[in-house]
Amino acid sequence: MTPRFEPIIGRYLHLELSGRPQRLYVEEAGQGIPLVCLHTAGADARQFRHLLNDEAITQHYRVIAFDMPWHGKSLPPEGFEREEYRLTTAAYTGMVIDLCEAMALEKPVVMGCSIGGRVVLNLAAEHGPRFRALIGLESADYQQPWYDTEWLHRPDVHGGEVCAALVSGMMAPQSPAASRHETLWMYKSAGPGVFKGDLYFYRVDGDLRDVVAKIDTSKCPLYLLTGEYDFSCTPEDTLRTASRISGAEVTIMKQLGHFPMSENPAQFRRYIIPVLERIRSRG
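First residue of the sequence shown? That's 236 in my numbering, and the numbers climb one at a time after it.
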């Protein structure tokens, strides 16, 4: 094997989020239209490493992926040991806006998966004109909870392994074994209570059923892509959500589940590259 460096550049961005100083780890590659990628609950930006290395995308897009505070290489804020982490709609929405402003991104595209796909809907409703387009992966306005989050942060249970077990069935059976296990590793190695805190947004605070009707796709195009094997955000959940948003474009992705960009990158690019080409062609 010939040694080589990947084209990804990783840096730390110091900024203030929700009134607190934060140090975010940010990776990027490529040039052109900014494409900000939002990882799933309890994981980190490593989920997007295949997009960051895809020359078909990076020749036209500046792909940017960051670890939210408490996730990956982004440490929790000072004093975190005295509080319980809980992600809220306002904090998550503000985080994306503040990062785009801190990096001076002009009319970026934002693509989020799972909780990232949920917050994309709120961005479309509250801040649509700021963006060139928004892409929701495994995105819906609400799902009825089907799991007990108390198991996700207990002293007598390995939280990371429980989190990985919880999400392991949400990937398509066709996804390569190596990619499946890489996806699960991010959950196994997450900090204690982080997945549970993210799901506070997903289960409780992020109910957007009364919000999505405000989305105006004439001001910001919205693309929703959901894997056919996702039983957390089902295709029916996404189609129900899209039915209330005039002009939203929906694709149900074959042979993919809840983590399309990491569980089967080759299959995912068959769907995402045409969407990115349509966004680019709109000018």
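For each residue, glycine too, the CB sits at the ideal point set by N, CA and C.
Checklist entry - Can you tell which of ARG239, TRP386 and PRO256 has the C-alpha that lies nearest to the C-alpha of TYR247? => result PRO256
Checklist entry - Can the beta-carbon of ASP279 be found closer than 8 Å to that of GLY307? => result yes
Checklist entry - What residue from VAL271, ALA413, PRO408 and GLY314 has the CA that sits closest to MET303's CA? => result VAL271
Checklist entry - According to DSSP, is GLN257 helix, strand or coil? => result strand
Item to check | Straight-line Cα distance separating GLY394 from LEU401 | outcome: 10 Å
Checklist entry - Between the region 361–380 and the region 436–445, are three or more C-beta pairs nearer than 8 Å? => result yes
Item to check | Span separating the alpha-carbon of GLU269 from that of ALA368 | outcome: Inspection of the sequence shows that residue 269 is occupied by Pro rather than by Glu. Spanning the two alpha carbons is a distance of roughly 11 Å.
Item to check | Cβ neighbour criterion (16 or more within 10 Å) applied to TYR382 | outcome: exposed
Item to check | Supposed contact pair THR461 and THR452 - C-beta distance, whole angstroms, cut 8 Å | outcome: THR452 to THR461, Cβ: 17 Å. No contact.
Next on the checklist: Please return the same chain residues whose Cβ sits closer than 7 Å to the Cβ of ALA477, not counting the five positions on each side in sequence.
Outcome noted: LEU459, ALA483 and VAL485
Checklist entry - Closest by CA to SER403, which one among TYR327, PHE466, ARG353 and HIS274? => result PHE466
Next on the checklist: Threshold first: 4 residues or longer. Then list the alpha helix (DSSP H) segments lying entirely within the region 269–344, N to C.
Outcome noted: 284–287, 290–293 and 324–337
Item to check | Nearest-angstrom Cβ-Cβ length linking GLN490 and GLN409, presumed shorter than 8 Å | outcome: 4 Å
Item to check | ALA360: first and last residue of the uninterrupted alpha helix (DSSP H) it sits in | outcome: 350–362
Next on the checklist: Pop quiz: THR328 and VAL354 are said to be a contact at Cβ under 8 Å. What is the actual Cβ separation, rounded to whole angstroms?
Outcome noted: 6 Å
Item to check | LEU250 versus ARG281, ARG258 and ASP433, residue with shortest Cα-Cα distance | outcome: ARG258
Checklist entry - How many whole angstroms separate the CB atoms of GLY363 and LYS431, which I take to be in contact at a CB cut-off of 8 Å? => result Actually they are not in contact, since the Cβ atoms of GLY363 and LYS431 sit about 31 Å apart, beyond 8 Å.
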